[in-house]
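There are 4 protein chains.
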Amino acid sequence: MSASPRTRPVASPPVRSLRRDAAQNRVRLLKAAEEVFAKSGLSASVDEVARVAGVGMGTLYRRFPTKDALIRELVVDLTKQILGIARQAQEVPDGAGLESFLFATADLMAANRGCLARLWDSRDADDVKDECRTVIAGLLADAKAHGRFRPEAEIGDIDLLFWSLRGVLRATQGLSASGSRRHIAVMIAGWRPSPDPLPEPPLSPEQTERIRRGSPSS
Amino acid sequence: MSASPRTRPVASPPVRSLRRDAAQNRVRLLKAAEEVFAKSGLSASVDEVARVAGVGMGTLYRRFPTKDALIRELVVDLTKQILGIARQAQEVPDGAGLESFLFATADLMAANRGCLARLWDSRDADDVKDECRTVIAGLLADAKAHGRFRPEAEIGDIDLLFWSLRGVLRATQGLSASGSRRHIAVMIAGWRPSPDPLPEPPLSPEQTERIRRGSPSS
Amino acid sequence: MSASPRTRPVASPPVRSLRRDAAQNRVRLLKAAEEVFAKSGLSASVDEVARVAGVGMGTLYRRFPTKDALIRELVVDLTKQILGIARQAQEVPDGAGLESFLFATADLMAANRGCLARLWDSRDADDVKDECRTVIAGLLADAKAHGRFRPEAEIGDIDLLFWSLRGVLRATQGLSASGSRRHIAVMIAGWRPSPDPLPEPPLSPEQTERIRRGSPSS
Amino acid sequence: MSASPRTRPVASPPVRSLRRDAAQNRVRLLKAAEEVFAKSGLSASVDEVARVAGVGMGTLYRRFPTKDALIRELVVDLTKQILGIARQAQEVPDGAGLESFLFATADLMAANRGCLARLWDSRDADDVKDECRTVIAGLLADAKAHGRFRPEAEIGDIDLLFWSLRGVLRATQGLSASGSRRHIAVMIAGWRPSPDPLPEPPLSPEQTERIRRGSPSS
DNA sequence: AATGAATGAGTGTTCATTCAT
DNA sequence: TATGAATGAACACTCATTCAT
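Residue numbers (the numbering used here), protein chains in the order written: chain A, 1 to 218; chain B, 1 to 218; chain C, 1 to 218; chain D, 1 to 218.
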């Protein structure tokens with residue numbers, strides 16, 4: 001809090017930093033949005049968000065031009081955290097990175113249910129998601145190389161896995177993350193190498209892409 | 001089913017077809033609702049449903065007293081079909097009934113995405129769902145007895161599986177059922193008996209019940 | 001009920017008589033309308049009226065071109081009955097005709113509350129009402145001549161009295177006619193000749209007329 | 001009230017007049033509602049009220065959560081004014097308070113016809129109405145004690161009187177208050193002590209209560 | 001910069017009236 | 001002719017967004 005060496009010099013020009021209270025309001029609004037959307041879904045009113053944040057409507061709309069932009073910001077934040085987790089998982093040895101990534105992400109999502117509905121099927125934070133995807137692809141390759149995942153597993157299967165996880169999290173709203181952890185555990189078991197091949201082919205990359213690039217639904 | 005003498009000749013018109021029109025409209029409305037809700041979610045407007053069905057607002061409200069009742073009807077119809085599938089699955093030998101039930105249900109749900117959001121977390125058609133659950137519990141016991149499912153599997157895990165399936169179906173809107181079939185295949189593989197125990201405990205029956213009896217969310 | 005001399009010959013052409021069942025439906029509808037409107041006000045739906053009458057909507061609209069016409073018919077019927085009472089009151093001796101007319105009319109209205117809201121301020125049955133007014137004017141003159149009513153009483157004061165009576169009947173819906181009878185009694189007492197003149201002038205005939213000819217309100 | 005030092009100079013604008021606008025709109029809405037309901041009845045649409053007030057629908061609903069609440073506010077306002085009049089009437093000597101109360105109330109109601117339909121048969125402002133009733137009972141007792149009202153007069157008869165007054169006011173919409181004043185004058189004359197007893201008994205308190213506590217009708 | 005009042009298009013629903021059967 | 005299903009304009013009310021203060 002003191003003027004430590006880390007503090008960015010006041011005059012730094014490239015990103016015009018928000019004034020202290022403005023930034024505070026921004027954070028407050030994001031927290032309130034997460035809370036409100038987690039409780040009542042994305043159809044909750046912006047008035048409710050502003051009320052919980054303790055700011056006026058005008059302030060909300062000064063920080064975020066539309067309700068959609070507010071949600072998008074939640075999505076971007078969450079995506080960035082997931083990317084962080086994925087990168088940490090790269091350090092895990094013996095091809096177990098993917099698994100630890102999945103469990104950690106499930107826990108993170110359980111604590112950030114507000115914007116899950118928009119997490120994987122909107123064009124928000126596409127660059128971050130692309131990077132995330134690259135890292136995950138590496139984790140998957142590593143897992144397969146170490147014999148922890150079936151060789152048939154493709155990156156699109158991780159999409160499937162996340163979509164299914166979202167379904168579990170949506171249903172277990174208000175409960176602990178144990179449901180989603182159990183779900184992840186079963187899915188990982190399903191992806192372990194096995195003499196029985198999967199009877200169903202994977203989604204084609206085109207299909208997956210169409211979904212990932214899809215417009216945000218209601 | 002055969003052309004029995006009782007079958008009225010196709011061309012006879014003047015019999016009392018008033019009801020037939022009404023029934024036609026009913027079906028048209030349900031189809032339109034399924035289509036519209038599948039595309040735009042349950043928050044789609046009833047005007048849109050009526051427009052797609054090609055009828056006036058009043059007709060919709062003559063058949064279904066509220067928008068909710070319309071959705072409920074979709075849910076009830078689908079639940080009944082699922083129960084039918086479950087019963088057929090009871091005939092499948094060697095403990096494979098559960099698996100064929102899961103694949104068939106995934107296909108059915110893929111063709112009826114409109115009301116999935118209400119399928120498992122509303123109190124609609126509770127009696128049918130309860131019966132469904134009983135049949136499924138039998139299928140699961142059978143599968144476990146034949147060594148096709150882990151002994152740790154509980155009925156609540158089937159809930160988890162359906163919630164995850166809903167997530168996949170929601171994400172793959174507009175696509176074929178292949179994604180959901182692949183997901184089911186992986187999950188079944190995950191439930192196959194294995195020396196590695198699942199690291200996570202199941203949801204308690206109380207938790208599952210709380211979700212199943214929950215109020216319809218947005 | 002027998003073919004008495006008074007019975008109009010069946011073949012009489014000038015008014016084409018409705019077929020028996022049609023006339024029955026007409027009566028049933030009027031009774032149902034009276035009942036429904038008395039219970040729920042004139043804003044009750046025509047569906048309800050048809051339902052209570054036990055006929056279809058089409059039948060209702062065949063007999064009465066609009067809801068308004070149905071109400072008007074109730075008004076006309078009631079007005080005719082009031083005219084009948086007024087004429088009978090002409091036979092009462094000693095200037096007491098007006099008073100007996102008022103009590104009798106109050107009772108009649110209490111039993112026909114359905115259309116009271118339209119009774120005195122619409123243009124329905126204007127000819128009958130005009131005749132009614134003439135007879136009442138005679139009763140009033142008679143009452144004044146016999147010293148039973150103040151000489152200051154004018155025909156417009158009878159309008160006032162009926163309007164006030166309607167207010168009482170509206171308020172005492174569901175109760176007996178005793179409230180309205182008491183009200184009439186007090187008003188008659190107020191109109192008895194007295195040394196104290198009324199401090200307020202009567203409504204001008206123009207004002208009264210404007211109300212009587214007013215458009216039907218909601 | 002005088003130009004005290006505290007009075008802020010008229011021209012000072014920047015003080016915090018947000019609330020002033022809101023209050024202005026509130027008053028404008030109440031005036032518009034009164035006007036619209038007086039002209040078209042309580043079934044007039046809220047759009048019409050908003051239009052006449054010159055504000056958007058949202059503003060109306062910001063001030064009053066439902067149409068009913070708007071009407072209720074009119075009722076409450078009017079009831080409070082009536083209570084004020086009743087209290088002033090307590091100062092009138094010689095038992096004439098009730099009469100001056102009745103005339104003043106008739107004038108007030110004539111200027112506030114919009115919500116009369118709800119004034120006496122809803123549970124709005126019940127506490128104010130109860131107090132009003134107590135004061136009126138005192139006025140009536142005083143009038144009887146001074147020989148200005150028949151001893152048979154009961155508080156329920158004042159209800160009757162007000163119901164009848166409402167009928168007159170409803171009918172004389174668009175006219176001056178002279179009709180209602182004349183009506184009050186006649187009723188007061190009718191309640192003057194007289195050797196002729198009223199031929200009808202009063203409403204029982206139970207009956208009156210049932211009406212006063214009745215649900216709002218259409 | 002912050003506030004919260006104002007806006008108005010949109011929602012679910014009703015109901016007088018029409019019309020196919 | 002009788003039926004009741006179909007119609008659609010109208011209603012009460014909501015909410016994302018704008019704007020005066």
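Here a beta-carbon is modelled for each residue, glycine too, at the ideal position from N, C-alpha and C.
Legend entry - Extent of the continuous alpha helix (DSSP H) run through residue 197 of chain A: By one-based count along the first sequence, residue 197 of chain A stands at place 197. Counting along the chain, residue 197 of chain A falls outside any alpha helix (DSSP H), and DSSP gives it neither H nor E.
Inset, instruction - Would you mind telling me which residues of chain B sit closer than 9 Å to residue 211 of chain A, beta carbon to beta carbon, in chain order? - result: Taking the first residue of the first sequence as 1, we reach residue 211 of chain A at position 211. Near residue 211 of chain A (Cβ distances below 9 Å), the residues of chain B are 171, 172, 173, 174, 175 and 179.
Legend entry - Nearest-angstrom Cβ-Cβ length linking residue 34 of chain D and residue 84 of chain D, presumed shorter than 8 Å: Sequence index remark: in the fourth sequence, residue 34 of chain D carries index 34 (1-based). Sequence index remark: in the fourth sequence, residue 84 of chain D carries index 84 (1-based). With 8 Å as the limit, residue 34 of chain D and residue 84 of chain D do not qualify as a contact, their Cβ atoms being about 18 Å apart.
Legend entry - With 16 other Cβ atoms within 10 Å as the buried cut-off, status of residue 229 of chain A: Look at the range of chain A in this structure, 1 to 218, and you will see that residue 229 of chain A is not part of it.
Inset, instruction - Decide if residue 137 of chain C is buried, meaning its Cβ has at least 16 other Cβ atoms within 10 Å, or exposed. - result: Residue numbering aside, residue 137 of chain C sits at position 137 when the third sequence is read from its first letter. Its Cβ having fewer than 16 others within 10 Å, residue 137 of chain C is exposed.
Legend entry - Cβ neighbour criterion (16 or more within 10 Å) applied to residue 151 of chain D: Taking the first residue of the fourth sequence as 1, we reach residue 151 of chain D at position 151. That one is exposed.
Legend entry - Residue from B:208, B:104, B:204 and B:131 with nearest C-alpha to residue 180 of chain B: Start at 1 with the first residue of the second sequence, and residue 180 of chain B comes out as number 180. With distances taken between Cα atoms, residue 180 of chain B lies closest to B:104.
Legend entry - Residues near residue 29 of chain D by beta carbon distance below 8 Å, same chain, minus five either side: Start at 1 with the first residue of the fourth sequence, and residue 29 of chain D comes out as number 29. Within the same chain, residue 29 of chain D has close Cβ partners 49, 50, 53, 55, 59, 60, 63, 64 and 70.
Legend entry - Own chain residues within Cβ distance below 7 Å of residue 73 of chain C, not counting five before or after: Within the third sequence, residue 73 of chain C is the residue found at index 73, counting from 1. Only 30 and 64 meet the Cβ criterion.
Legend entry - Cβ-based contacts, 7 Å cut-off: residues of the region 136 to 154 of chain D near chain C: none
Legend entry - residue 156 of chain C versus residue 147 of chain D - alpha carbon distance: On the third sequence, position 156 is the one that residue 156 of chain C refers to. On the fourth sequence, position 147 is the one that residue 147 of chain D refers to. Each residue's alpha carbon lies about 30 Å from the other.
Legend entry - Under 8 Å between C-beta atoms of residue 185 of chain D and residue 198 of chain C: By 1-based counting over the fourth sequence, the position of residue 185 of chain D is 185. By 1-based counting over the third sequence, the position of residue 198 of chain C is 198. Yes, the Cβ-Cβ distance between residue 185 of chain D and residue 198 of chain C is below 8 Å.
Inset, instruction - Starting from the beta carbon of residue 190 of chain C, find every residue of chain D whose beta carbon is closer than 9 Å, and list them in chain order. - result: Counting from one through the third sequence, the residue named residue 190 of chain C turns up at place 190. By Cβ distance, chain D contributes 185, 186, 187, 188, 189, 190, 191 and 192.
Inset, instruction - For residue 200 of chain B, return the contacting residues in chain A, with the cut-off set at a CB-CB distance below 7 Å. - result: Counted from its first residue, the second sequence places residue 200 of chain B at position 200. The contacting residues are 178, 181, 182 and 185.
Inset, instruction - Reducing DSSP to helix, strand and coil, say where residue 64 of chain C ends up. - result: Reading the third sequence from its first residue, position 64 is the one you call residue 64 of chain C. Note: residue 64 of chain C maps to coil in three-state DSSP.
Legend entry - Interface partners of residue 165 of chain B on chain A, CB under 9 Å: Taking the second sequence and counting its residues from 1, the one referred to as residue 165 of chain B is at position 165. In chain order: 164 and 167.
Legend entry - residue 122 of chain C at chain D interface by Cβ criterion, 8 Å: Taking the third sequence and counting its residues from 1, the one referred to as residue 122 of chain C is at position 122. Chain D contact via Cβ: absent.
Legend entry - 6 Å CB neighbourhood of residue 143 of chain C in its chain, flanking five on each side removed: Sequence index remark: in the third sequence, residue 143 of chain C carries index 143 (1-based). Cβ neighbours of residue 143 of chain C beyond the five flanking positions: 95, 98 and 149.
Legend entry - Interface residues of the region 37 to 64 of chain C facing chain D [CB-CB below 7 Å]: 40, 41 and 43
Inset, instruction - Just the chain A side, please: which residues come within less than 9 Å of residue 68 of chain B by C-beta, in chain order? - result: Locating residue 68 of chain B in the second sequence gives position 68, where the first residue counts as 1. Correct list: empty, because the minimum Cβ distance to chain A is about 15 Å.
Legend entry - Outcome for residue 57 of chain B when other beta-carbon atoms lying within 10 angstroms are tallied against a minimum of 16: Here residue 57 of chain B refers to the residue found at position 57 of the second sequence. Exposed is the call here.
Legend entry - Sequence-distant residues of its chain with Cβ nearer than 8 Å to residue 277 of chain D (five each side left out): Here chain D covers residues 1 to 218 and nothing more, so residue 277 of chain D does not appear.
Legend entry - Ranges of the alpha helix (DSSP H) found wholly within the region 47 to 134 of chain B, counting only runs of at least 4: 57 to 63, 67 to 89, 97 to 110 and 116 to 119
Legend entry - Neighbour flag for residue 108 of chain B against chain A, beta carbons, 8 Å: For the purposes of this step, residue 108 of chain B is taken as the residue at position 108 of the second sequence. Closer than 8 Å: no.
Inset, instruction - Would you mind reading off the limits of the alpha helix (DSSP H) that contains residue 207 of chain B? - result: The residue given as residue 207 of chain B occupies position 207 in the second sequence. Unbroken alpha helix (DSSP H) run through residue 207 of chain B: 205 to 212.
Legend entry - Neighbour flag for residue 227 of chain A against chain B, beta carbons, 8 Å: Because residue 227 of chain A is not part of the residues shown, which for chain A are 1 to 218, the question remains open.
Legend entry - Chain-ordered neighbours of residue 196 of chain B on chain A, where CB pairs are closer than 9 Å: The residue labelled residue 196 of chain B in the question sits at position 196 within the second sequence. By Cβ distance, chain A contributes 189 and 192.
Inset, instruction - Give the range of the alpha helix (DSSP H) segment to which residue 225 of chain D is assigned. - result: Nothing can be reported for residue 225 of chain D, as the shown portion of chain D is limited to 1 through 218.
Legend entry - Close beta carbons around residue 154 of chain D, own chain, < 6 Å, minus the five adjacent residues each side: On the fourth sequence, residue 154 of chain D is found 154 positions in, with the first residue counted as 1. 202, listed in sequence order.
Inset, instruction - Within 10 angstroms of the Cβ of residue 174 of chain A, are there 16 or more other Cβ atoms? Answer buried if so, exposed if not. - result: Stepping through the first sequence from its first residue, residue 174 of chain A is reached at position 174. Looking at its Cβ environment, which holds fewer than 16 other Cβ atoms inside 10 Å, residue 174 of chain A is exposed.
Inset, instruction - Look up residue 174 of chain D in the DSSP assignment and say whether it is helix, strand or coil. - result: Sequence index remark: in the fourth sequence, residue 174 of chain D carries index 174 (1-based). In this structure, residue 174 of chain D counts as coil in the three-state DSSP scheme.
Legend entry - For residue 146 of chain C, the three-state DSSP class (helix, strand or coil): Position 146 of the third sequence, counted from the start, is the residue given in the question as residue 146 of chain C. Coil.
Legend entry - Beta carbon proximity, residue 98 of chain B to chain A, threshold 8 Å: Against the second sequence, residue 98 of chain B aligns to sequence position 98. Residue 98 of chain B does not count as touching chain A.
Inset, instruction - Find out if the Cβ-Cβ distance for the pair residue 158 of chain B, residue 169 of chain B is shorter than 8 Å. - result: Here residue 158 of chain B refers to the residue found at position 158 of the second sequence. Here residue 169 of chain B refers to the residue found at position 169 of the second sequence. The answer is no: Cβ separation not under 8 Å.
Inset, instruction - Compare the Cα-Cα distances from residue 188 of chain C to each of C:118, C:209 and C:102 and report the closest residue. - result: Residue mapping note: residue 188 of chain C aligns to position 188 of the third sequence, counting from 1. Out of C:118, C:209 and C:102, C:102 has the C-alpha closest to the C-alpha of residue 188 of chain C.
Legend entry - Interface partners of residue 160 of chain C on chain D, CB under 7 Å: Counting from 1 along the third sequence, the entry for residue 160 of chain C is found at position 160. By Cβ distance, chain D contributes 168, 179, 182 and 183.
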